[in-house]
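This report refers to the structure that appears directly beneath it.
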Amino acid sequence: MHRNRGSFGRICTETMSCRWGTELWDQFDNLEKHTHWGIEFVERYTKFVKERSEIEISYAKQIRNLSKKYQPKKNSREEDEYKYTSCRAFLMTLNELNDYAGQHEVIAENLTTHIICELTRYIQELKAERKSHFHDGRRAQQHIENSWKQLESSKRRFERDCKEADRAQQYFDKIDADINVTKADVEKRCSLKARQQAQLKHQVAEDSKNEYLTYLQKFNKEQNEHYYNLIPHIFQKIQEMEEKRIEKVGESMKTYAEVNRKVLPIVSKCLDGMTNAAASIEPTMDTKQVVESFKSGFEPPGDVEVEDYSLSMRRTVSESSYLNSRGEGKPSRSNSRGKLWPFKRNKGSGPEDCSHLPPEQRRKKLQAKINDINKELQKEVDQRDALTKMKDVYVKNPHMGDPNSVDPRLEEIGQDIDKLELESRKYEAWLLEVETRLAEKSDPHRRQSGLYESNATTPVNNNCAPVNRESPDGSYTEDHSTEHHLKSRSTDFDDDFDDEDPLPTIGTCKSLYPFEGQNEGTISMAEGELLYVIEEDKGDGWTRVRRNEDEEGYVPTSYIKVFFDTNAKGAMTYI
Numbered sequence: 010m011h012r013n014r015g016s017f018g019r020i021c022t023e024t025m026s027c028r029w030g031t032e033l034w035d036q037f038d039n040l041e042k043h044t045h046w047g048i049e050f051v052e053r054y055t056k057f058v059k060e061r062s063e064i065e066i067s068y069a070k071q072i073r074n075l076s077k078k079y080q081p082k083k084n085s086r087e088e089d090e091y092k093y094t095s096c097r098a099f100l101m102t103l104n105e106l107n108d109y110a111g112q113h114e115v116i117a118e119n120l121t122t123h124i125i126c127e128l129t130r131y132i133q134e135l136k137a138e139r140k141s142h143f144h145d146g147r148r149a150q151q152h153i154e155n156s157w158k159q160l161e162s163s164k165r166r167f168e169r170d171c172k173e174a175d176r177a178q179q180y181f182d183k184i185d186a187d188i189n190v191t192k193a194d195v196e197k198r199c200s201l202k203a204r205q206q207a208q209l210k211h212q213v214a215e216d217s218k219n220e221y222l223t224y225l226q227k228f229n230k231e232q233n234e235h236y237y238n239l240i241p242h243i244f245q246k247i248q249e250m251e252e253k254r255i256e257k258v259g260e261s262m263k264t265y266a267e268v269n270r271k272v273l274p275i276v277s278k279c280l281d282g283m284t285n286a287a288a289s290i291e292p293t294m295d296t297k298q299v300v301e302s303f304k305s306g307f308e309p310p311g312d313v314e315v316e317d318y319s320l321s322m323r324r325t326v327s328e329s330s331y332l333n334s335r336g337e338g339k340p341s342r343s344n345s346r347g348k349l350w351p352f353k354r355n356k357g358s359g360p361e362d363c364s365h366l367p368p369e370q371r372r373k374k375l376q377a378k379i380n381d382i383n384k385e386l387q388k389e390v391d392q393r394d395a396l397t398k399m400k401d402v403y404v405k406n407p408h409m410g411d412p413n414s415v416d417p418r419l420e421e422i423g424q425d426i427d428k429l430e431l432e433s434r435k436y437e438a439w440l441l442e443v444e445t446r447l448a449e450k451s452d453p454h455r456r457q458s459g460l461y462e463s464n465a466t467t468p469v470n471n472n473c474a475p476v477n478r479e480s481p482d483g484s485y486t487e488d489h490s491t492e493h494h495l496k497s498r499s500t501d502f503d504d505d506f507d508d509e510d511p512l513p514t515i516g517t518c519k520s521l522y523p524f525e526g527q528n529e530g531t532i533s534m535a536e537g538e539l540l541y542v543i544e545e546d547k548g549d550g551w552t553r554v555r556r557n558e559d560e561e562g563y564v565p566t567s568y569i570k571v572f573f574d575t576n577a578k579g580a581m582t583y584i
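In the working numbering, the protein residues as written are 10 to 584.
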């Protein structure tokens with residue numbers, strides 16, 4: 010059946026294209042296995058890309074969640090941290106990281122669109138095409154096998170008939186030989202019958218031979234058609250299908266690389282953004298910001314003066330009588346207990362003018378409030394302008410709307426603008442007051458000490474901050490976040506001087522505004538009330554006053570008008 014054909018043994022070289030139809034004419038089963046493996050390889054590569062896409066999506070999701078986790082929460086302390094360059098750089102890094110995650114999502118999307126979906130569709134087409142080609146090959150193979158079976162059948166029949174003809178001829182020859190010996194009539198008749206039988210068998214064998222030759226000629230023709238036309242044509246289509254499959258895999262691999270390469274410029278920009286964010290960090294600016302955030306505006310306390318308790322032993326009777334007549338003979342018990350320091354955290358929002366805050370922090374707070382008011386004011390002005398234009402359009406085009414329908418809203422906005430302007434002026438006045446006090450403290454010429462004029466009672470500016478006293482009791486400070494809670498600090502002399510007389514008065518004051526004095530160490534006062542001054546403002550915004558022997562405490566210096574007694578000891582102040 011299979012002939013040794015030299016043309017089938019050609020060797021594929023680089024200069025000659027290998028053709029499966031001629032080179033692999035007898036490898037039908039192996040080609041079927043190979044093409045099945047090729048489809049499995051495409052499916053395996055598709056699964057690889059799909060898993061890579063899932064990894065990219067999962068990675069992008071984790072990166073986004075990480076970025077979101079460390080983003081500053083609204084209305085939280087973390088927002089205040091981003092005034093530092095390092096924190097702002099970290100925020101920029103988080104934003105760039107979020108964009109970086111987006112590029113991994115782009116990779117996953119492009120892998121799915123350009124490779125996974127495309128290969129999935131192609132695999133279905135490839136399976137259908139392969140099935141069709143091998144179906145044609147099996148049908149051709151079945152046809153040639155049937156033709157070969159017919160040839161074998163005719164060959165065996167021809168062989169059988171030839172053997173029977175030979176046996177009939179041998180039988181006839183044997184009888185014929187016996188006839189020549191006996192010459193009997195019966196034997197002659199048998200010889201004639203054997204001759205006829207041999208001739209018949211020879212004719213059958215001849216017919217079988219002719220049939221065999223016919224089938225042989227037919228088979229050779231069909232075999233030649235099978236191995237030189239049908240199989241090469243089918244195998245060539247399978248080869249083209251396989252080459253297309255391999256080319257498709259190569260294109261997918263190239264697309265895979267391009268999908269990753271396409272995002273590299275943006276990924277590089279994200280990384281450059283992170284680098285620029287790191288380069289924007291300025292340690293000097295951050296340390297300066299710490300000063301801006303926590304600077305109180307107060308000056309460090311001065312030296313503590315000597316408290317000479319032996320002076321009271323050397324006082325003359327007349328001097329003691331004079332002081333006692335004014336209720337100044339006994340030093341205050343609280344004087345021996347040290348200064349009132351510090352203020353505790355204020356759980357409330359504090360006064361509207363932020364007077365509970367240190368000067369520098371109060372200035373910042375008032376400036377921020379003014380900025381917020383101006384923003385709101387600008388919004389209202391923009392709304393008013395827009396409604397005014399709308400009303401003009403309605404006036405010119407009555408069919409578009411009633412101009413009077415805008416008036417109520419315009420009136421409401423006008424009232425809001427008036428309120429905001431009034432609010433802004435109020436805060437600007439407080440800001441001017443703070444800035445003036447800060448300027449006075451920062452000007453060394455305005456801080457030089459001097460004696461008051463010879464008048465017995467001279468009104469003094471409320472912003473005075475005396476530092477030279479007869480019996481200084483320490484200095485005071487205020488904190489943005491501290492309550493007006495004054496706590497006395499005990500000294501080593503508490504138990505020894507519990508019975509000392511109260512501090513002498515150094516002047517009087519008149520309250521300009523009412524003050525509740527709910528915190529420890531403060532005293533309440535009504536508007537217009539007259540009180541004794543026993544301790545001057547040391548720059549912390551508080552003055553110590555006395556109402557009677559049992560009631561004394563601190564009041565805001567800005568709430569009173571002070572009249573110092575120049576005859577009293579320590580009646581020296583700084584302006």
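Ideal Cβ placement from N, Cα and C applies to all residues, glycine included. Since the model is a prediction, treat every value here as computed from it, not as a measurement.
query = Can you tell which of R372, Q392, D427 has its C-alpha closest to the C-alpha of E442?
reply = Here residue 442 corresponds to residue number 433 of the sequence shown, with the count starting at 1. For the residues R372, Q392, D427, the minimum Cα distance to E442 belongs to R372.
task = Please report how far the alpha carbon of K613 lies from the alpha carbon of D38, in whole angstroms.
result = Look at the range of the chain in this structure, 10 to 584, and you will see that residue 613 is not part of it.
Rounded separation between G338 and E558 - CA only = Here the question's residue 338 lines up with position 329 in the sequence shown. Here the question's residue 558 lines up with position 549 in the sequence shown. Confidence at G338 is low in this model, with a pLDDT of 40, below 50, so its placement is unreliable and no value can be given for it.
Outcome for I515 when other beta-carbon atoms lying within 10 angstroms are tallied against a minimum of 16 = As a first step, residue 515 is located in the sequence shown; it is residue number 506 there, counting from the start. I515 is buried by the Cβ-count criterion.
request  = Tell me whether K210 sits in a helix, a strand or coil according to DSSP, three-state version.
outcome  = Indexing the sequence shown from 1 puts residue 210 at position 201. In this structure, K210 counts as helix in the three-state DSSP scheme.
Whole-angstrom distance between I153 and D145, CA atom to CA atom = Here residue 145 refers to the residue found at position 136 of the sequence shown. Here residue 153 refers to the residue found at position 144 of the sequence shown. Each residue's Cα considered, the two are about 13 Å apart.
request  = Please state if the CB of V268 and the CB of N119 are separated by a distance shorter than 9 Å.
outcome  = Stepping through the sequence shown from its first residue, residue 119 is reached at position 110. Stepping through the sequence shown from its first residue, residue 268 is reached at position 259. Cβ atoms of N119 and V268: closer than 9 Å.
request  = Would you mind reading off the limits of the alpha helix (DSSP H) that contains G259?
outcome  = As a working mapping, residue 259 is identified with position 250 in the sequence shown. Unbroken alpha helix (DSSP H) run through G259: 240-271.
ask   = By Cβ distance, which residues of its chain are closer than 7 Å to G30, with the 5 residues on each side in sequence left out?
value = Residue mapping note: residue 30 aligns to position 21 of the sequence shown, counting from 1. Result list for G30: I240, P241, H242, F244, Q245, in chain order.
request  = Compare the Cα-Cα distances from D425 to each of K405, N383, D411 and report the closest residue.
outcome  = As a first step, residue 425 must be located in the sequence shown, where it is residue number 416. The candidate whose alpha carbon is nearest that of D425 is N383.
ask   = Whose C-beta lies closer than 8 Å to the C-beta of L33 among residues of the same chain, with five residues either side of it excluded?
value = Your numbering for residue 33 matches position 24 in the sequence shown. So the list reads N39, L40, F244, once near-sequence residues are dropped.
query = Can you give the beta carbon distance from Y109 to L100, rounded, assuming they're within the 8 Å contact cut?
reply = Position 100 of the sequence shown holds residue 109. Position 91 of the sequence shown holds residue 100. With a Cβ gap of about 15 Å, Y109 and L100 do not count as contacting.
key: Sheet register partners of K227 (DSSP bridge)   = Mapped onto the sequence shown, residue 227 falls at position 218. Note: K227 sits in no beta bridge, so no partner.
query = Got a sec, what are the start and stop residues for the beta strand (DSSP E) K519 sits in?
reply = Here the question's residue 519 lines up with position 510 in the sequence shown. Start and end: 516-520.
ask   = Nearest to D35 by CA position, among P523, K570, Y237, M534, is which residue?
value = Start at 1 with the first residue of the sequence shown, and residue 35 comes out as number 26. The residue with the shortest Cα to Cα distance from D35 is Y237.
key: Meets three-Cβ-pair contact criterion under 8 Å: the region 148-167 and the region 68-86   = no
request  = Can you say whether E389 is buried or exposed, counting buried as having 16 or more other CB atoms within 10 angstroms of its CB?
outcome  = Taking the sequence shown and counting its residues from 1, the one referred to as residue 389 is at position 380. The residue is buried, with at least 16 neighbouring Cβ atoms inside 10 Å.
request  = Could you check what DSSP says for E173 in three-state terms: helix, strand or coil?
outcome  = Residue mapping note: residue 173 aligns to position 164 of the sequence shown, counting from 1. The answer is helix: DSSP assigns E173 an H, G or I state.
Identified DSSP bridge partners for F167 = On the sequence shown, residue 167 is found 158 positions in, with the first residue counted as 1. The bridge partners DSSP lists for F167 come to none.
DSSP three-state assignment for Y318, whether helix, strand or coil = Sequence index remark: in the sequence shown, residue 318 carries index 309 (1-based). Coil.
request  = Any chance you could list the beta strand (DSSP E) runs of at least 3 consecutive residues sitting entirely within the region 81-123, in chain order?
outcome  = Here no run is fully enclosed.
ask   = Do you know whose CA, among D549, R147, D394, lies nearest G311's CA?
value = Position 302 of the sequence shown, counting from 1, holds the residue named residue 311. For G311, the nearest C-alpha among the options comes from D549.
query = For the region 166-177 against the region 245-258, are there 3 or more C-beta pairs whose distance is under 8 Å?
reply = no
Helix, strand or coil at I184 according to DSSP, with G and I counted as helix = The sequence position of residue 184 within the sequence shown is 175, counting from 1. Three-state result, I184: helix.
task = Kindly identify the DSSP beta-bridge partner or partners of T55.
result = On the sequence shown, residue 55 is found 46 positions in, with the first residue counted as 1. Paired residues: none, contrary to the question.
query = Helix, strand or coil for W9 per DSSP?
reply = There is simply no residue 9 to check, as the chain begins at 10 and stops at 584 in what is shown.
request  = Mind checking which residues open and close the alpha helix (DSSP H) that includes L540?
outcome  = Numbered from its first residue, the sequence shown carries residue 540 at position 531. Careful: L540 lies outside any alpha helix (DSSP H), inside the beta strand (DSSP E) at 539-544.
query = Quick one: is H408 buried, meaning 16 or more other Cβ sit within 10 Å of its Cβ, or exposed?
reply = Along the sequence shown, read from residue 1 onward, the residue named residue 408 stands at position 399. Result: exposed.
key: Coarse secondary structure for T566, derived from DSSP in three states   = The sequence position of residue 566 within the sequence shown is 557, counting from 1. Looking at T566 - three-state DSSP - the assignment turns out to be helix.
ask   = Per DSSP, which one or two residues make a beta bridge with F303?
value = Here residue 303 refers to the residue found at position 294 when the sequence shown is read from its first residue. Partner(s): none; F303 has no beta bridge.
message = Please give me, in chain order, every unbroken run of the alpha helix (DSSP H) with length at least 4 that falls completely inside the region 353-440.
response = List check, alpha helix (DSSP H) in window: 368-405.
task = State the beta-bridge partners of M534 as determined by DSSP.
result = Residue numbering aside, residue 534 sits at position 525 when the sequence shown is read from its first letter. Paired residues: F524.
task = Determine the burial state of Q179: buried for a count of at least 16 other Cβ atoms within 10 Å of its Cβ, exposed for fewer.
result = Position 170 of the sequence shown holds residue 179. The residue is exposed, with fewer than 16 neighbouring Cβ atoms inside 10 Å.
ask   = Since A177 contacts Q206 with CB under 8 Å, what's their CB separation in whole angstroms?
value = The sequence position of residue 177 within the sequence shown is 168, counting from 1. The sequence position of residue 206 within the sequence shown is 197, counting from 1. Contact between A177 and Q206 holds, since their C-beta atoms are separated by about 5 Å, short of 8 Å.
request  = Just mark L440 as buried or exposed, buried being the case when its beta carbon has 16 or more other beta carbons within 10 Å.
outcome  = Along the sequence shown, one-based indexing puts residue 440 at 431. L440 comes out buried.
key: For I543, the nearest candidate out of R555, K230, G530 (CA to CA)   = Position 534 of the sequence shown, counting from 1, holds the residue named residue 543. Residue R555 is the option with its Cα nearest to I543.
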